[in-house]
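There are 2 protein chains.
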Amino acid sequence: MAKENSENPRFICGLHATLHVISGKWKPLILFFLDKGPTRYGELKRSVRGVSDKMLIQQLKELESDGIVQRTDYGEIPLRVDYSLTPFGASLVRAMEPLCGWGEEHEEDIAAAMDRRKTSR
Amino acid sequence: MAKENSENPRFICGLHATLHVISGKWKPLILFFLDKGPTRYGELKRSVRGVSDKMLIQQLKELESDGIVQRTDYGEIPLRVDYSLTPFGASLVRAMEPLCGWGEEHEEDIAAAMDRRKTSR
DNA sequence: ACGGGTACTTACCAAAAGGTGCATACTTGA
DNA sequence: TCAAGTATGCACCTTTTGGTAAGTACCCGT
Chain A
20 MAKENSENPR FICGLHATLH VISGKWKPLI LFFLDKGPTR YGELKRSVRG VSDKMLIQQL
80 KELESDGIVQ RTDYGEIPLR VDYSLTPFGA SLVRAMEPLC GWGEEHEEDI AAAMDRRKTS
140 R
Chain B
20 MAKENSENPR FICGLHATLH VISGKWKPLI LFFLDKGPTR YGELKRSVRG VSDKMLIQQL
80 KELESDGIVQ RTDYGEIPLR VDYSLTPFGA SLVRAMEPLC GWGEEHEEDI AAAMDRRKTS
140 R
């Protein structure tokens, strides 16, 4: 019954759209590592410490279906697959950089605020 | 034994930190509207169509505790409160701009990918 | 034949996020 | 006095997200 608003078909602003693509517990990390170059599944898993197979695969599939990453199956004798950023994905990573910078500059404030929320809940 | 990595205690990269602050179903929208200037609670609620009181208050509180927005209670006779961006919040919004731009440019691709996922699940 | 490595897949569960709706306390205007 | 508006709080429930643990199917070295 929340069916008003015939003018706004999807997103209120670009950021809104972008967040649909990059939010997910492991996605920023995955993008961070893939930005360094094509990476094999196992290698990626070892890089993104703490991720489970289920999660890694799931997030990779979503990124793939969003056109951000590309899966390459070499069809070789011992299984061999790798993941890389598409040009589209690379453009996203470029756009993310200022946000990375902001986060780096204020990492401590952010961490402090998170702690505050965690303890006083 | 997941106690490796003595250098980075919290975030893998700045983006990771930033996402803790801006993810939340209504936060980008809220920031988008607050960027236009201080806004009263009720006004904000009417702008962010579809949000419930609970959600709006919750997200505002989180943004406030993160130092992004400022709540001003004028202590007036008929209740009067408004919300605005702090300078810190304004710097965040500036850093978000490229991501907004990216999202705007690719809104259609993103929407298409979302549909694809929704229907084939 | 066995253990280990590759890249996944699946079923089941817990926790977090979000939504609905009612309650509060105070006001002003009809 | 009653309805409506202000800004919030709270209980309850559903949906979404994430985590655990196991299994698959293939290959390689010993």
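For the protein sequence lines, the chains are A and B, in the order given.
Just so we're on the same page, the working numbering is the position in the first sequence counted from 1, plus 19.
Just so we're on the same page, the working numbering is the position in the second sequence counted from 1, plus 19.
We put the CB at the ideal spot given by N, CA and C, even for glycine.
All values reported here derive from a predicted model rather than from experimental measurement.
Handout entry: Inter-residue Cα distance where the pair is E123 (chain A) and L38 (chain B)
Key = 12 Å
Handout entry: Rounded C-alpha distance that separates S9 (chain B) from D54 (chain B)
Key = Any property of residue 9 (chain B) remains undetermined from this structure, which presents chain B solely from 20 to 140.
Exercise for the section: Could you please tell me which residues of the stretch 27-57 of chain B, in chain order, have their CB closer than 7 Å to any CB of chain A? Expected result: R29, F30, I31, C32, G33, L34, H35, A36, T37, L38, H39, V40, S42, P47, L48 and F51
Problem - For G108 (chain A), the nearest candidate out of B:Q89, B:D128 and B:T105 (CA to CA) - result: Ranking B:Q89, B:D128 and B:T105 by CA distance to the CA of G108 (chain A) puts B:D128 first.
Exercise for the section: For the beta strand (DSSP E) containing D72 (chain B), list its first residue and its last residue. Expected result: Here D72 (chain B) belongs to no beta strand (DSSP E); instead the alpha helix (DSSP H) covers D72 to S84.
Exercise for the section: For L118 (chain A), go through chain B and note every residue whose CB falls closer than 9 Å to its CB, in chain order. Expected result: G33, L34, T37, L38, I41, L111, A114, M115, P117 and L118
Handout entry: Proximity winner among B:A132, B:I31, B:F30 and B:K44, relative to Q77 (chain B) (alpha-carbon distances)
Key = B:K44
Exercise for the section: Pick helix, strand or coil for D92 (chain B), following the three-state DSSP scheme. Expected result: strand
Exercise for the section: Quick one: using the 10 Å Cβ neighbour count with 16 as the cut-off for buried, is T58 (chain B) buried or exposed? Expected result: buried
Exercise for the section: Return the chain-ordered list of same chain residues with a C-beta closer than 7 Å to the C-beta of V70 (chain B), the five sequence neighbours on each side being excluded. Expected result: W45 and K64.
Practice task
Would you please verify whether the beta carbon of E123 (chain A) is less than 8 Å from any beta carbon of chain B?
Solution key: yes
Problem - Cutoff 7 Å; reference V88 (chain A); Cβ partners in own chain excluding five residues on either side - result: L53, L79, L82, Y102, S103, L104, T105 and G108
Handout entry: A114 (chain B) beta carbon less than 8 Å from that of G120 (chain A)
Key = Their beta carbons are under 8 Å apart, which means G120 (chain A) touches A114 (chain B) by this criterion.
Problem - Burial state of I96 (chain B), where buried means 16 or more other Cβ atoms lie within 10 Å - result: exposed
Exercise for the section: Count the other C-beta atoms from every protein chain shown that fall within 10 angstroms of the C-beta of R135 (chain A), then say buried if there are 16 or more, exposed otherwise. Expected result: exposed
Problem - R99 (chain A) - DSSP class collapsed to helix/strand/coil - result: coil
Practice task
Establish whether the CB of I76 (chain B) and some CB of chain A are separated by less than 8 Å.
Solution key: no
Problem - Counted within 10 angstroms of its Cβ, other Cβ atoms place L50 (chain A) as buried (16 or more) or exposed - result: Here L50 (chain A) is buried, its C-beta having at least 16 other C-beta atoms within 10 Å.
Exercise for the section: Consult DSSP for T37 (chain A) and reduce its assignment to one of helix, strand or coil. Expected result: helix
Handout entry: Reduced DSSP secondary structure (H/G/I, E/B, other) of R68 (chain B)
Key = Residue state, collapsed to three classes: coil.
Handout entry: Exposure of L111 (chain A), with buried meaning 16 or more beta-carbon neighbours within 10 Å
Key = buried
Exercise for the section: Taking C-beta pairs closer than 7 Å, name the residues in chain A that R65 (chain B) reaches, listed in chain order. Expected result: Result: empty, since nearest Cβ-Cβ is about 12 Å, beyond 7 Å.
Exercise for the section: Mind listing the chain B neighbours of R90 (chain A)? Cutoff is C-beta to C-beta under 7 Å, in chain order. Expected result: Chain B residues near R90 (chain A): none, gap ~15 Å exceeds 7 Å.
Practice task
Output, in chain order, the set of chain B residues within a Cβ distance shorter than 9 Å of E62 (chain A).
Solution key: Going along chain B, no residue has its Cβ under 9 Å from E62 (chain A), so there is no contact; the nearest lies around 16 Å.
Exercise for the section: Name the residue from A:G61, A:R68, A:V40 and A:M133 whose alpha carbon lies nearest to the alpha carbon of G86 (chain B). Expected result: A:M133
Exercise for the section: Consider the Cβ of D85 (chain A): report whether some Cβ of chain B lies at a distance smaller than 8 Å. Expected result: yes
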